[in-house]
Structure formats: structure tokens, C-alpha cells
Amino acid sequence: MSILEARGLTVRYGAGARALTAVEDVDLALQRGRTLGLVGESGCGKSTVARALVGLVPIVAGRVTLDGADCTSQAARNSARYRRRVQMVFQDPFSSLNPRMSVGTLLDEALQARGGEFRSRRRRMAESAHLLELVGLPSDALSRYPHQFSGGQRQRIAIGRALAVGADVLILDEVTSALDVSVQATVLNLLQDLQRHLSLSYLFISHDLSVVRLMSDEVLVMYLGRVVEHADTEDLFTRPCHPYTVALLKSIPSLRGRREPAPLSGDPPDPRHPPAGCRFHTRCPVGPLARPERTRCLELHPRLAPEAGHHQVACHFAEASPR
Amino acid sequence: MAFLRALRTAPSAMLAIAVLLLLLVIAVLAPVLLGHTANQFDFRAISAPPSLAHPLGTDRLGRDLLARLLVATRLSIGMGLLAEALAYLIGVPVGALTALVGPRWRPIPMRVIDTMIAFPGLLVTIYLITILGPRLGLVGLAVGLAVPEAFRAARIVSTLALSIAGRDYLAAARVVGVGWPRLVLRYLIPNMAETMVTSFSVGVSFMIVAFSGLSFLGIGVQPPNFDWGRLLSEGVDSFYETPAAALGPAAFIAVAALAFAYAGEAVAHAANPRVWTAAPPERANGRPGPSEPPHRLPARGGAPDPTLLVEDLHVRIGDAEIVSGVSFSIGPGEMVGLVGESGSGKTMTALAIARLLPAGAAVEGEVSLLGRRLAAMPPKPLARFLGTELAFVFQDPMSSFNPALTMGRQLTEGARRHRHLDLRAAAEAAVARLSEVNVPAPRRILRQYPHELSGGMRQRAMIAMGLMNSPKLLICDEPTTALDVTIQAQIMDLLARVNREHGAAVLLISHNLALVRQSCSRVLVMYAGRIVEDLASERLLSDALHPYTRSLLAAVPDLERPRGAPLTAIPGQPPDPIARPPGCPFHPRCPLAQDRCRRELPPLVAHPGGQRVACWMAEVEAVR
Amino acid sequence: MLTGRWMGFLGRRLLGLVVVLAFLLLATFAMVRLIPGDPAVVVLGQNGTPEQYRQIDHLLGVDRPWPQQLAEYVVRALHGDFGTSFATKQPVGDLIRERIGPTAELAGLALAVVLLLSVPLGMVAAHLTASGRRPRLEVAWTTLTAVLGTMPQYLLATLLIFLFALQLRLLPVAGGRGWQALVLPVASLSLGPTLALARIVRLQVLDALAQDYVRTAESKRLPLLTIYVRHVLPNVLTTALTVGGLLFSSLIAGTIFIEQIFVRVGMGSSLIGAIQAHDYPVIQADVLVLGMTVVVVNTIVDILLGVFDPRTLATEG
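Here the protein sequences line up with chains A, B and C, keeping their order.
Counting from 1, one number per residue, gives the positions in the first sequence under this note's numbering.
Counting from 1001, one number per residue, gives the positions in the second sequence under this note's numbering.
Counting from 2001, one number per residue, gives the positions in the third sequence under this note's numbering.
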């Protein structure tokens, strides 16, 4: 049973000729205690999906449900009820915490939003101390200000705050992209521990496929606002079907083996003027550029179709290509 | 209190605040204590020069000038405060509304505000005073001064509010569910307060000056009231007889203006928590960390005629030693990677080699390019040498190109300067290089500006620019960090091709271990300003010896590693460059640390396995 | 070239100019009507005859419906006819024609001095104090430009008169002929803005020197002068022009003070005199003409900015 679900999610910025459809017709479902990875390069719309799910941007079309209840309207996603369940951790640890508030005040404020037993100040203080321990920070952190902490520590504070509100669904938007490799490992390990202990559900967004592979149970691949592939993690990485996914995997440098030549040439198209038909056809190694007879790609946008079991691909000519 | 402590640190600020308080005291007390004296005529001492009885002399009616100036303080400062307060009363709501209105409608009020700011405030004031006439008296004057100032206030408020509203921490707070009242009170206002307080008190300073100016012109305060401006105007009339009559008022106006201008900034600055908690970095005996032992070990990693030879490089900035004794070499046509996390000193090393460090950085050690010692070359030949044999590719292609110049200009200027090519020849060369790096329509690109190109295109152009003079060494500092992974692959292809076809050696700086492993034949691992390991990249995974290298390898989420295996985090943090502990810099975080590691710095030595490594435990087989 | 965008940009600027001028005309016209009470009484006092009041009312135009009067006002203004001065009974247009010359001369010279001096001054100061060299010079510079740069013109004039006319007896206090009579007024008018702009220029240059693109230029081993002139200057000029343009409006305001203190004939002194005499037609006309001058100059500066800075065209909405 999915906790948080979206069907046909569409988000548009601006209006008229200058409109940018950042996300179009995206389906996703988060299961309790599991992680759904969302991966793609810049301009693919993954951050917009995150912002839409937490109510920061309005949804133009589609449905969002939490535990089955419809939450598509802005008001619903901005309601206290929704926010107590769904929280977000932002990418940049240096700008996501108010420089004028101490860590203690920050956590206290989030706990206040939770209401109930947390109306008592003493209860909140106890919980703040508990949360700090949970994310691995010393108790004297409560009186200190964000600028006194390192990037990794600030991300842990941000995670602590999300938990303070009481959320069990966390939207993690590129939370380790701004961190060094060794610090990244700390934060990722923390997230996995927390998930195990508290049965949290994650939407893990990243441009880094290798990290997504480690953290996620299922993966969605996005390109220029649309989902192009959806599969269980193991499946995606061993039998990627969509040419973009294949190219993405080939582009990642590995610690073993020789470098392969870059699979994609050219730049991604302007999101404001996406190509007609399949959006990937301008760079697709198996599309009309390489095989002119495949004119279907120019005319019709491919829908997500099931390949085998859970694996879904949006491509007219997808073939499972074993790695 | 932290606030007062912060205040004490800046003596000029303290002075400004003291003067301000003094002025306020005078404003309150002087009319009470000296009001009578200020109006006492003395016909025996008309326009008298300064004397003991009258420290600043007297005016045309024999009245004591100093007394009059002190009494006038209340009106002058009072009007300044009143006018600025009115300005903010009008301007803050206008600015707030402008910020709240959606982006579609906002340009309208913004244009109106900008136009009003560009219009002479004095004309607006005169216009308003003419209309409001003598009926409204001082309040009318205050309103006349306040209206143009209100637009300035509105602009500050709206720009500031918009900038803060766009910050992540505001969005994060909204997601947490913080209500609007609290968002404004705890998020918006505290982050705006510093600027607003400063701008308010600077504004008071302007208003005092402006009001005095109106009175000086005769259209401000009317007799029998008097303020500094009127006293100045009277004083100027008798400038020849007693200059003090004019200099006195001038000095009062100037001092009050300066005091308000600085005091506000000081108060605002002291209220910033960043300032409360900024502690001076701790020093360990005031000496920089231990450096490489004086006897030089052979630095060469191989070739007898290296393209680049770096020997015992040290870079110091202030008390921090960012690079501590780095030695390595790069052979002709070799592609070598320099890997490290933030703070390892890898970028500083590259900048030091390229002689691009900011002034204030102290460099020691030898750098030789193509066998010639850079430190020994005189400036002009050095510039020519480096301009033709060395090229630097920077990390951020957007900020590394000058936004005000065309691509053509920037690509050709190096060749025109150092190889004395004329415009045509240089342009042809640029087109050739751009084609080589797969930039479409190169001729058109020459005419375009950097912001018109995409990120990947800009980075290619940067590489093309580096190739213009056919350098023997290309230093690339994180060339793909700002790019998507599919574009990154294209750029790495390009670098490999350049390395192959031009025979140019490449020094690739990166934090991405896998990237370096795939593209470079050799890897140098840096930690805390030192090279800790130097080995062939194909042996990285199998034969790396240094515990840091191994920890780093274990922390990288590689695609081939099994999914269930957790990432190995390295506990702790790299040492502060100002206060490195003695011994091996990695020992506080090293699983193998022994007593010797805590006391003695391990030198970078050749290991029988074929690499160089700086670790006391490397000999011990237990490393694996 | 980018003719399409250029036309759009130019069109928007000129449209803006027309809108502001229209508003100015409307505002100055409305000025008389907004004065509370009876303006005729303000001018003549209580003892005028009904005939005299009617005459003043007619001169001011308050006896006709305002749309008609507005139209007349605009048409006459565009022909340079601004009515008749109460005080001197001369056509205001003549008054302006006499006086605009000296004011323009003063403001123009001051603007030239500001622009020509502040940019090189700021650049040299930046070069000398870059990277924390010469900290004492930096402190002296910052203090000097802060203090003198924010001093109002009338205070600076007082100081300069004291130093050069009274103490050193080098220059005349007021009146005088030829270029000597201009030195102190122009200096008083331009000293503050020059230092204020130089202060900004220095900060902009230091900022530019810290940018990545300067490091790129250094990596190409270009000579220092080339880097300053070709790479830094264009990026600094944009700000200098923007601020310089704004400065012009403060220079115009400043001429009002300077003409008073140095007893010079000009628009400013006429305006002040008119205010004290309640000579509304003159006030109206002076505010209109001075205002128009500023707006036109600002528009020219805006257009020049579009010429120099390629990004302005791109970012303009």
C-alpha cells in the first residue's frame, strides 16, 4: 500500500508563450519503509517534483494522494496534517538554515508545529536532545548557530528538523551533492539507519546514479520533465532499457575498467522548447539520428509501457541491453 | 552581553555612538539650559570673533553663537529623525507591497520607484513645500523631505525582502509549517534588520543634511525658529568678518551627519550572531605545522626529462600552511590526476605551479617547466614562456569568461600577445581550435558573448582557448564538476583526445576518484596539504596502500560494488591548516595509527610495490 | 545585429521618457491647483481689489475648467511659453532662456569632472590597495571618501571658500569673471560626487579583480595594463555609468545651493527667489525645466548603458 502517490503530475512555470512545463505526466509511489530513487540531469524536473510534493509550487494537472486521501490542492499540501507527514531536506546546507536562529530554536520551532504533547516546553527540550542524539550531534549544538557547523553537520541538523515535525515521508533533494565523498558516506549511512529504525519512506533525488543505486529500492529516471524508465534498482542497473538510461550508466566513471567513449553528443534541448514527439530523439543513439527510418520518434511521444514485471520504459524501440 | 562585547571591538564605532548619544543629550537639555542665553542680544559685541566669553563669537545681533548652535541641535536632529521616520512609515509598506505583488505585476511599481529615485529629491521637496505652504510649518517640511526618501526606503525594503524570500531557509521553514507571522518576525525581519538599521541611520544623516540645506536656502525653517542651516546661512553672510560664524554650524552639521551614518552600521553589525561567535582561530605555538624533512628525496616518478617538476612546494596564507612539501613530476604527454577532498590543498598546488596565487600567499619550493626553473626567470620572459607552454582550464566556465567581452576577443588575445599573430590569423586559429573541440558554427561563436553559450559549450571553448598556443602542459582544475554527467563524459573524451593528438601533458585536479582513475595514467592522492600516495591508476583499487586512499576508495559508491555493502565513512574531519597536529596528519582518523604515527611525519618514499607512499604502516602487510 | 532587441529596448526607453515627461507636465500643472486656500490671496495678500484677484486668477488659469487649462498649458509649454512672472512681469520663458545657460555650464562642467576624474582615481586607488597592500592608505582613502563624499555641496563650498578664498586668497569668494569664477563653484559641486563615485569605482574594481575571469586573463599572462583596461574597465563602467547618471540629478539639485552661495545667476537662484516671493509661474516652469533636463539625461545614460553592456539588452524585461 503506497503512502505517498502521484499520478499524472504536471507542473508549469509562467504562462503563455514563455511557459516552461518543468514536469509532465509523472507517476510515482512511495512505499512504507522503502526508498524511491529519482534520477536525472539538470533540467529534467526532479527538483520541481520535490517542490511540488511539499506544496512549494502549484500542480497544474494530476493527482497527489497521501495514504489514499487526495491532496492535490495547494491548500491540502500546505495543511498542517500533510506537513506533519511529509517533509523535505534541501540540497545546499549553507542556505537552508536560518543564520539568525540557533539550532535549539530551530528544532523547538519544528516541534511546536507538531502540537499535541509537544505544547509542553519541557517535552520539547527533551525531544530536541533526543533528536540530536539520533542524528549524531553533540548536545551543546542546541545553543550554537548554523555557521559554526560543517556542511555534513548542517545536513544532519536539517534531517533532525524534518524528524522533529514528526514526518515519516522524507523528500531528500540532492542532500549529499554539496558534500565531500567521506562526509557523504556519513550522511547516507545515517539516512539508512534512520529508515530501518523508524520505518521512514524516502524519495531520494540525485543526479548521481551510483548513490541512487545504493540508497534506493526502486528508481525513476527522468529526462526533460518526463519519466523515461521505472524499475527495481537491481533491474535498472543490470538490464537498463531506455537508451537514455543506458547512456547515463555508460557515462559514469568507474573505479574499475577502462573509460568508454561518451555515449551522448550535443547538449540537452532547451526545456522551454522541448522537441516534438519523444524528447530524447535529438540525442538518441538508436533514434532517427542514427536510424532515419524511425520516424515514429519524431511524431509520437512514447508512453510508459511495462517491459517485464515492474520494469516500465517510455520508448518506441526499447530493448533490454544487459550490462 | 555578546552585543556589547561585539561593539567594543571597533573603536571608531564606539566613537560614533558616543557622539550620537552626546548629541541626543544636547538636543534634550540645551534648549532648557541655554534657551535664554541663545536669545540674548548684546549690541556691544556684534559679529565678534571667538573669545573667552563667546567661544565661537557672536552673530549680527550679538548673540552667542555656541549657545545658539547647541540649542538648535534639537530642531536639526529632531527634523532629521522625524523626516526619516515618516519616510520609512510610507516607504516600508510600499516596499513590502511591491515585494508581495507577483512577478507579473512587479515591474510596474519597481519602475515607478526607480524613476522617482533618479529624480532630484530636492525638486520633489520644493514642489511639496510649495503646495503645503506655510500652513503646515515644520510638519509640512518634514513631509516634503520624507516623500523622496520614502522611495529609497521602499526600494531597499523590496529588494531585500525579495532576496530573502528566495532563500532556501525560508522555503524550508514554510515546509516545516511555520506560520506567516512567525516567518516575518523570526526569518524575514532578523535577516533584514542589519541592512535596515544601517540604512535608517544613514537616512537620518541625509535628512539632517537635507533639512539644514533647506534652511540654508531660506526655504526651510522660518524666523524666529533657527536651526543649524539657518545659522550657517547667517554665518556665510559674515564670512569675512568672522569665519567662525560659518565654520561652527558647518562643523556641527558634518559631525552629526557622520555620527549617525557610522553609528547605525556599528549597531547593526554588533547584532549579528556571526559576529558574536567568530572566535580567532586557535594557534598551536603560533608556528605552522611540521614540514617535509629538509633532505630532499628524489621527486621524480619516472621520466628523466619531465615536462613538469615540482620540488618541496609550500604555500602559506597567513598562519595557515595550505600546501606542505609537495613533490612530484609529470612526463611528456602524461596525464596525471591530483585527487583530494576540500581543504586538501590540491587547487592551491595547481595555482602555485601556474603562478596564479593571490598576492599574500607565500610560496616556497621549486617548480620547473620543461627543465626551466620558473623562480629563476625574469618577469617578461616568464610571462611569454608560461603564456605559450602552459594553459589553465578553470572549474566554472561561466564565471571564468569575461561577460563583457566577446568569445572571439577572449580566445585570441593570448595568441595575439605572445605569438604576435594579427587579428585574421588569430581568428583563423581560434576557429580551428573550436572545430577541434566540436563546437558547432565556430565563426558565429567568436562574435557571441559567454552568456549565450551552454555550460558544455563554454567548457569546450575554455579548452580551445587553452590550446591556442599549443602548450606542453594543460592544468585542468575540476573541469567537469559544474557539468552534467553525460556532458562530463564528452569533456573527458575531449581531454583524452587533446592529450593524445597534441602530446600535451595534463594535470587533472579533481575530487572524483573514479573520474581520475579512468582518464589518467597516474594518480596523486592529497591530504592536508601533502601527497600521501602516488601510484598508477590501474593499480588504484588493488594495490593502494595508504589508509586514507583505502578509506576514500571504500567511501565511493561505485557501480560495481555490491548494493548491500555499507559505505565506509571516515570519522572526524581534516585538520585545520593553522594548527596541524605533529606527526602524520591523518593519524587522528586512521584505523592503523601507532605511536610513531603520532610523533613523526612519514616522508613520501618509493615503495617496493612500485608506488610512492607516505605512511609508517605501509611496510606492514596488515594494511590490506 | 540584434536589431530586433535593440528596437524593443530603444522603444521602451523612449516610451518611458514620454510617460515621465507627461507626468511632469501634469504634476507641475497641478501644483498651482493643489495649493490650499486661494493662491491669489497668497500672492496679493488680503488687500487686493476684486479686479486684481480676478487678474491673478486669470493669469494662473484657475478660472477655467481644468482640462481646457491643462491642454493650453501643455501646448504653451511645448512652445516655450511659461506665462508671466508675478514679481518681474517678464515672460518666464525669457527668464529661463537667460538662466539656463549658466546652470547648464555649471552642471555640465561638474558632471564632466566627476566622470573624468573618478574612474581613473578609483582604479588607481584599487591597484594600490589590492590584496591588502598599503593598509594605511586604504584606511586614509576610506575615511576621506566617506567623509568628503557624503558632505553636502553647501558644506564643502563653505570649507573651500574658507580655505582658498579667505585664507589663501587665491580665488574670489563670489562674483568675479572668467574661469577663475568657475573654479570654486565647480569644485564645490563636483568634489563630493567625485570622491563618492571614486569610492564605488575602487570597490567595483577590487570586486572585478577577485573574479574568475581576471584570473583567466592572468593565466594567459596578459600585461597588467591590458587586464585593467580591457577586462576590468568594461565591467566597472556599467556601474560607474549607472551611478554617474544618478549623480547628475544630485548635481542639478546641488547647483541650486551653489548658485546661492556663490551668488551666481542661474535656474537655481531664480527658483529660490521665486519660492520666497510666491512667484508660482516661475516655480512651475523652473521645476518643469530642471526636471525635464534630468529625465532626458537619465534616459540618454540608460541607452548608453545598453550600448556598452551586452547583458542589459538580454535581461531587460
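Even glycine gets a Cβ: it sits at the ideal position worked out from N, Cα and C.
In the DSSP assignment, what residue or residues form a beta bridge with residue i?
i, result
"R1106 (chain B)", "R1106 (chain B) pairs with nothing; no bridge assigned."
"K1476 (chain B)", "Here residue 1476 (chain B) turns out to be Cys, not Lys, going by the sequence shown. In the DSSP output, where bridge partners are listed per residue, C1476 (chain B) has B:V1393, B:L1508."
"V2243 (chain C)", "In DSSP, V2243 (chain C) forms no bridge with anything."
"E229 (chain A)", "A:V221, A:V313"
"T171 (chain A)", "Note that residue 171 (chain A) is Ile in the sequence shown, not Thr. Looking at the DSSP assignment, I171 (chain A) forms a beta bridge with A:M88, A:L203."
"T1335 (chain B)", "The sequence as given places Met at residue 1335 (chain B); Thr does not occur at that position. According to DSSP, which records beta bridges pairwise, M1335 (chain B) is partnered with B:V1506."
"Q31 (chain A)", "A:S2"
"E1533 (chain B)", "B:V1525, B:V1613"
"S47 (chain A)", "Per DSSP, none; premise fails for S47 (chain A)."
Pull up the distance between the alpha-carbon of residue i and that of residue j, whole angstroms please.
i, j, result
"Q2046 (chain C)", "L2095 (chain C)", "28 Å"
"H1587 (chain B)", "G1340 (chain B)", "17 Å"
"V1431 (chain B)", "M1465 (chain B)", "10 Å"
"E2051 (chain C)", "Y1127 (chain B)", "29 Å"
"R7 (chain A)", "Q1518 (chain B)", "41 Å"
"G33 (chain A)", "V2232 (chain C)", "56 Å"
"N2298 (chain C)", "V2236 (chain C)", "18 Å"
"S1212 (chain B)", "I2256 (chain C)", "14 Å"
"L1423 (chain B)", "T1412 (chain B)", "8 Å"
"E1533 (chain B)", "G1609 (chain B)", "12 Å"
"F2086 (chain C)", "M2292 (chain C)", "23 Å"
"L2121 (chain C)", "T2145 (chain C)", "11 Å"
"P1148 (chain B)", "F2023 (chain C)", "16 Å"
"Q312 (chain A)", "I171 (chain A)", "23 Å"
"L2156 (chain C)", "A2030 (chain C)", "36 Å"
"H207 (chain A)", "S265 (chain A)", "18 Å"
"A69 (chain A)", "A1171 (chain B)", "24 Å"
"S1551 (chain B)", "I1570 (chain B)", "7 Å"
Relative to the C-alpha of residue i, which candidate in the options has its C-alpha closest?
i, options, result
"L2015 (chain C)", "C:V2296, C:F2308, C:R2133", "C:V2296"
"V64 (chain A)", "A:G136, A:V221, A:V86", "A:V86"
"V1315 (chain B)", "B:L1066, B:R1155, B:R1530", "B:R1530"
"L2111 (chain C)", "C:V2307, C:A2027, C:V2294, C:V2229", "C:V2294"
"A158 (chain A)", "A:S139, A:D180, A:V135", "A:V135"
"V1178 (chain B)", "A:N78, A:T245, A:P58", "A:N78"
"G1057 (chain B)", "B:R1444, B:S1238, B:S1215, B:G1572", "B:S1238"
"A164 (chain A)", "A:V89, A:I205, A:D232", "A:V89"
"S2250 (chain C)", "B:A1087, B:A1210, B:A1246, B:E1265", "B:A1210"
"C1687 (chain B)", "B:A1614, B:R1384, B:P1381, B:A1425", "In the structure displayed, chain B extends from 1001 to 1624; residue 1687 (chain B) sits before or after that span and is not available."
"F1151 (chain B)", "B:S1551, B:G1371, B:S1205, B:V1092", "B:V1092"
"D173 (chain A)", "A:D27, A:L36, A:Y13, A:G14", "A:L36"
"Q2167 (chain C)", "B:Y1240, B:V1112, B:Y1169", "B:Y1240"
"L1473 (chain B)", "B:V1019, B:V1236, B:L1507, B:D1114", "B:L1507"
"V211 (chain A)", "A:L194, A:V181, A:E127", "A:V181"
State the CB to CB distance for the pair residue i and residue j, rounded to an integer number of angstroms; the pair is presumed to be in contact (CB under 8 Å).
i, j, result
"G1360 (chain B)", "I1317 (chain B)", "6 Å"
"D1248 (chain B)", "L1065 (chain B)", "In the sequence as displayed, the identity of residue 1248 (chain B) is Gly instead of Asp. Confirmed, Cβ separation roughly 6 Å."
"S1537 (chain B)", "G1264 (chain B)", "Not really, about 58 Å apart at Cβ, beyond 8 Å."
"A1350 (chain B)", "I1475 (chain B)", "5 Å"
"A1461 (chain B)", "I1445 (chain B)", "7 Å"
"A22 (chain A)", "P271 (chain A)", "7 Å"
| query | Three or more beta-carbon pairs under 8 Å between the region 1439-1451 of chain B and the region 1375-1394 of chain B, yes or no? | reply | no
| task | Examine the Cβ distances between the region 1073-1086 of chain B and the region 1025-1037 of chain B and report whether three or more of them are shorter than 8 Å. | result | yes
| task | Report yes or no: do the region 2192-2201 of chain C and the region 2211-2223 of chain C share at least 3 C-beta pairs separated by less than 8 Å? | result | no
| request: Please confirm if the region 1190-1200 of chain B is in contact with the region 110-122 of chain A, defined as three or more CB-CB distances below 8 Å between the two stretches. | output: no
| query | Does the count of Cβ pairs from the region 1156-1169 of chain B and the region 1098-1110 of chain B closer than 8 Å reach three? | reply | yes
| request: Pair every Cβ in the region 1356-1375 of chain B with every Cβ in the region 1304-1314 of chain B, then say whether three or more of these pairs are closer than 8 Å. | output: yes
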